[in-house]
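Undergrad:
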Amino acid sequence: MFGLSELAVILIVVIAVLAAKKLPDLARSAGKSARILKAEARAAKEEGAQVTQEGEGAPRIVRGEAVRRGEVPPEPDQRAAS
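Residue numbers (the numbering used here): 14 to 95.
This is the structure in structure tokens:
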């Protein structure tokens, strides 16, 4: 019987034959996607470096409230009054 590698080769050949017209479009869109991903990763890296140079990269402390399960938290205007 056929092994896994033979079935994979047959599947690749069948896909190439049936989708020959669409392969260039698929390759083009994959290339565009890769370029966009690279550009976004580079921009994120540069933004991260810029934030650390400005000193804003330090962690911030955000105060919150603990609410028990089933309890409804008070409305924001009621919190300020109490």
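Ideal Cβ placement from N, Cα and C applies to all residues, glycine included. Being a predicted model, the structure only gives us computed values, none of them experimental.
Closest Cβ-Cβ distance between V27 and chain D: below 7 Å?
TA: Protein chains in the displayed structure number just one, and chain D is not present.
Undergrad: I need the DSSP call for E88, collapsed to helix, strand or coil.
TA: In this structure, E88 counts as coil in the three-state DSSP scheme.
Undergrad: Whole angstroms are fine: how far does the CA of A43 sit from the CA of E53?
TA: Distance between the alpha carbons of E53 and A43: 15 Å.
Undergrad: Taking the alpha-carbon positions, what's the F15 to L50 distance?
TA: 39 Å
Undergrad: Under the three-state reduction of DSSP, which class applies to G61: helix, strand or coil?
TA: When DSSP states are grouped into helix, strand and coil, G61 belongs to the helix group.
Undergrad: Distance, Cα to Cα, S59 vs P37?
TA: Rather than Ser, the amino acid found at residue 59 in this sequence is Glu. Computed Cα separation, rounded: 33 Å.
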